[in-house]
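Okay, so the sequence shown: first residue is 104 according to the numbering used here, each after it adds one.
We treat Cβ as the ideally placed atom computed from N, Cα and C, and that holds for glycine.
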Amino acid sequence: MKKISLGVTLCLFLFNFGFSQKITGNLLHFNTNLNFYKSVLSAKPTTINSLSKNRGAAALLNFGKDSIPAVEKDSTLIQQNYTKEEIQIEMRDGVKLFTSVYAPKDKSISYPILITRMPFNSEPDKDRYSKWPSWFPHLLKEKYILVFQDVRGKYMSEGEFVAVRPYNPNKKKNEVDENSDAYDTIDWLVHNVENNNGNVGVFGISAMGFYATMTLPNAHPALKAVSPQVPVTDWFLGDDFHHNGALFLMDSFSSAAAMGKPIKGPTRLYSKVSFDYKNKDNYAFYKELGPIKNMQQKLPVPKNKFWSDLIKHPNYDSFWKTRNVLPHLKNIVPAVLVVGGWFDAEDLYGPLKTYEAIETQNKTVENKLIMGPWSHGQWIGNEGKKLGNINFDSNTQAYFRDVELKFFNYHLKNKGEMDLPEASIFITGANKWKAFNAWPPLNIEKKELFLGCDEKLSFSKPAATACYDEYLVDPNKPVPYAEGIHQKRTKEYMTDDQRFASRRPDVMVYQTAILKEDITVVGALNVNLFVSTTGTDADYVVKMIDVFPNELENDQQNDTDITMAGYQMLVRGDVMRGKFRNSFENPEPFTPGQVTEVSFEMPATAHQFKKGHRIMIQVQNSWFPLVDINPQSFVNIYEADEKDFIKATHRIYHDAEHASKISIRVLKE
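The structure is reproduced here in structure tokens:
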């Protein structure tokens with residue numbers, strides 16, 4: 104291959120979430136005539152030297168400033184040891200995908216190929232080296248052929264972009280999806296890139312994690328190892344934009360607001376959109392916007408397709424179901440390493456459910472899981488020693504890099520031994536890594552935490568005596584998701600102090616007595632509430648909280664001015680849109696005044712409640728503006744008027760027949 108030695112540039116994480124776009128252009132051809140799964144290998148890769156400057160469309164995917172690694176020291180390593188080449192790879196339908204290849208200069212041995220496919224901008228500057236390789240210094244030093252590709256319809260690639268494009272298991276000869284594009288890309292690379300050893304791995308984070316997952320069904324024979332890292336998996340049930348059917352308002356609106364005009368390209372550029380929030384207080388800003396139906400006209404680009412698709416599909420219909428890859432993760436051959444973060448505000452659902460789907464639908468595949476104490480993508484950006492006010496007491500990034508390198512080295516280089524455990528799990532609270540031979544662990548005891556009268560939380564079932572908590576919920580005064588004034592949704596809310604919420608009259612609080620011994624909770628949390636409402640719909644937000652002692656030996660556990668004595672650390676929280684309690688496809692109203700069971704599963708945790716702490720459960724009916732406001736009347740919320748938003752009186756029941764509870768798994772140690 105022809106080689107180019109260039110400089111370094113920074114690359115923004117950009118993600119065009121929702122709209123389709125068509126890209127055409129006179130790009131340089133490679134006569135790679137794909138006949139379904141076979142290539143005629145007569146083409147030579149060609150370097151792209153110039154392209155027209157056209158605008159793109161993008162939305163910022165915010166890993167946060169703490170997640171952006173310093174690249175200076177690694178840029179020298181790249182320039183000295185790697186060559187860069189920009190090529191176009193033709194897919195089976197004739198569309199060409201822009202691909203950059205970073206190959207080690209040392210040709211004394213052959214190297215495996217590691218691919219990341221992305222809807223971001225893989226090469227923002229043809230005259231310099233991209234920032235992307237610098238995110239992975241451990242892989243650079245180990246020497247892999249690193250490949251970064253713009254997916255179909257994005258930036259320098261031709262074709263039409265479709266967000267979370269559905270997988271088609273019955274493709275005909277020239278039909279395509281992300282799975283076929285990955286297959287064709289791998290096929291071309293192993294036959295055309297010099298000095299590769301024939302082994303290919305794929306990895307990616309968030310949206311890139313989705314593209315990694317999509318390589319697994321009917322995988323190319325050269326694909327030996329795949330690492331989906333916090334992969335986007337189901338946008339209605341648990342990732343990014345909905346949880347259990349409830350709209351995650353800030354993430355959805357900010358994504359739509361950041362989108363520019365559709366791309367006319369191919370192009371390395373994107374159209375910057377300046378959206379004036381006019382208020383640094385997100386609580387006030389979203390209150391002022393009013394009902395969801397008012398928000399379309401507030402967006403900077405009219406007829407925003409992402410937002411339109413969102414509000415046209417208020418229930419779990421085929422639009423959402425076909426974008427869920429989990430049912431297709433069968434007959435998997437490549438080894439898999441799924442990566443997730445316990446405090447990932449965007450995609451905690453994705454890694455846990457991806458691991459579970461592969462584990463339950465495949466008997467023999469190597470399928471491993473690592474879950475750390477991270478926010479979204481934090482393990483590539485900083486040492487992972489803390490999040491917000493909570494310290495983790497070690498460099499968790501270094502631990503992760505050792506695991507990732509061992510995984511890829513073994514499967515792609517035949518180097519070392521595969522002695523990784525089935526699950527590498529960071530136990531928060533205890534602040535230590537623990538190896539398990541199954542996830543959830545087998546050595547557990549199932550227990551139930553019962554919500555009782557007088558704000559009590561107990562492992563004992565309540566007596567038969569009728570008992571309930573009653574409170575008024577006003578949709579005009581929703582419970583904030585975080586304390587303080589913020590414009591953007593914070594990643595730290597996942598470990599934030601909840602004392603501000605526990606003092607509100609519309610937040611029901613239940614807590615145990617002071618614990619006499621450590622309790623380590625692992626796995627999913629199952630919620631069973633018995634409730635009634637004077638309305639016909641409601642959201643139920645449940646939070647599990649670690650209450651620190653009122654007296655601490657070291658009250659200054661962080662570098663902020665927060666008092667950690669009595670701190671109420673959010674361990675896990677989630678929301679259930681009540682009308683979906685029996686079916687996400689067919690919502691049902693509540694009958695006013697009738698006792699009704701609302702059950703749902705909260706994402707797993709691995710947290711140790713220390714001796715001297717308490718376990719707290721908070722129940723509330725709003726979480727604003729993280730989640731949109733439920734009007735408390737049974738309507739299509741995306742079409743609701745101001746008049747549909749009503750006050751309602753709620754009850755949570757605690758008697759023997761209607762015992763509201765949280766079911767947990769306690770680790771036997």
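For residue i, which residues in the same chain have their Cβ closer than 7 Å to its Cβ, ignoring the five residues on either side in sequence?
i: ALA315; result: VAL305, PHE306, GLY307, VAL329, SER330, PRO331 and PRO334
i: LYS682; result: ASP640, PRO690, GLU691, PRO692 and PHE737
i: VAL698; result: PHE633, SER635, TYR756 and HIS761
i: SER153; result: Confidence at SER153 is low in this model, with a pLDDT of 27, below 50, so the placement of that residue should be treated as unreliable; the coordinate-derived value is given next. Taken in chain order, the list of residues that qualify is empty.
i: HIS716; result: LEU618, ASP649, VAL650, PHE651 and PRO652
i: TYR380; result: PHE388 and GLN590
Any heavy atom of the ligand MG closer than 7 Å to the Cβ of residue i?
i: ASP287; result: With respect to the ligand MG, the structure shown offers nothing to examine, as it has no ligands at all.
Would you report the Cα separation of residue i and residue j, rounded to the nearest angstrom?
i: LEU432; j: ASP744; result: 42 Å
i: GLY159; j: PRO272; result: Since pLDDT at GLY159 reaches only 34, below the 50 mark, its modelled position is unreliable, and no value is offered.
i: ALA604; j: TYR584; result: 8 Å
i: ARG675; j: ILE718; result: 12 Å
i: ILE493; j: ILE622; result: 19 Å
i: HIS753; j: LEU545; result: 38 Å
i: PRO369; j: TYR185; result: 26 Å
i: GLU342; j: ASN739; result: In the sequence as presented, Glu is not what sits at residue 342; that position holds Asp. Looking at the two C-alpha atoms, the distance is approximately 21 Å.
i: SER497; j: GLY487; result: 8 Å
i: VAL769; j: ASP572; result: 28 Å
i: ILE461; j: GLU772; result: 28 Å
i: LEU515; j: PRO236; result: 18 Å
i: SER233; j: ARG371; result: 12 Å
i: ILE395; j: ASP577; result: 17 Å
i: LYS714; j: ASP228; result: 55 Å
i: LEU292; j: THR336; result: 27 Å
i: ILE218; j: TYR419; result: 32 Å
i: ASN300; j: PHE510; result: 17 Å
i: PHE495; j: LYS535; result: 8 Å
Looking at residue i: is its Cβ nearer than 8 Å to the Cβ of residue j?
i: GLY696; j: TYR613; result: no
i: LEU243; j: LEU340; result: no
i: TYR214; j: LYS187; result: no
i: LYS274; j: SER283; result: yes
i: ASN631; j: SER702; result: yes
i: ILE190; j: ILE216; result: no
i: ALA627; j: GLU548; result: no
i: VAL267; j: TRP338; result: yes
i: PRO437; j: ALA322; result: yes
i: PRO565; j: ALA759; result: yes
i: LYS550; j: ILE212; result: no
i: SER309; j: GLU449; result: yes
i: LYS507; j: LEU440; result: Sequence check: residue 507 is Glu here, not Lys. Cβ atoms of GLU507 and LEU440: closer than 8 Å.
i: GLN252; j: THR318; result: no
i: PHE344; j: LEU413; result: yes
i: ALA361; j: PHE388; result: no
Apart from the five residues just before and just after residue i, which ones in its own chain have a Cβ nearer than 8 Å to its Cβ?
i: LEU490; result: PHE446, PRO476, TRP477, SER478, GLN481, LYS594, GLU595, MET597 and THR598
i: VAL582; result: ALA604, ARG607, ASP609, VAL610, VAL644, GLN723, ASN724, SER725, TRP726 and PHE727
i: GLU520; result: TYR513
Report the option in the options whose CA atom is closest to the CA atom of residue i.
i: GLN735; options: ALA541, TYR643 and LEU618; result: TYR643
i: GLU391; options: ASP731, ILE665, ARG768 and PHE223; result: ASP731
i: LYS367; options: GLY262, GLU573 and GLY484; result: GLY262
i: ALA668; options: LEU655, MET679 and LYS764; result: LEU655
i: ALA533; options: ILE547, GLY444 and VAL624; result: VAL624
i: THR467; options: ASN434, THR457, GLY444 and PHE313; result: ASN434
i: PRO240; options: PRO222, GLY484, ASN298 and ASP209; result: GLY484
i: ALA567; options: ALA538, SER763, TRP542 and SER411; result: SER763
i: THR499; options: GLU772, VAL442 and GLU742; result: VAL442
i: ASN298; options: LYS208, LYS406 and ASN418; result: LYS208
i: GLN721; options: SER377, GLU742, HIS345 and THR615; result: THR615
i: TYR741; options: GLN399, ASN300 and LYS383; result: GLN399
i: ASP354; options: TRP410, SER377, LYS381 and PRO394; result: TRP410
i: ASN397; options: THR457, PHE356, VAL428 and ARG426; result: PHE356
Give me, in chain order, the residues of the same chain whose beta-carbon lies closer than 6 Å to that of residue i; leave out the 5 immediate sequence neighbours on both sides.
i: GLN711; result: ILE530, GLY532, ALA533, ASP621 and THR623
i: ASN385; result: HIS589, GLN590 and PRO728
i: ARG684; result: VAL701
i: VAL303; result: ILE216, ILE289, ALA325 and LEU326
i: ASP677; result: HIS346 and MET705
Verify the CB distance criterion: does residue i have a CB-CB separation below 8 Å to chain B?
i: TYR232; result: In the displayed structure, chain B is absent; only one protein chain is listed.
Can you confirm whether the stretch 524-544 touches the stretch 468-476 when touching is taken to mean that 3 or more C-beta pairs between the two stretches lie within less than 8 Å? Contact holds: three or more Cβ-Cβ distances are below 8 Å.
Taking contact to mean 3 or more Cβ pairs, one atom from each stretch, closer than 8 Å, check whether the stretch 191-207 and the stretch 278-293 are in contact. These segments touch.
Contact between the stretch 346-360 and the stretch 255-270: three or more CB pairs below 8 Å? With a cut-off of 8 Å, the stretch 255-270 and the stretch 346-360 do not count as touching, because too few Cβ pairs lie within range.
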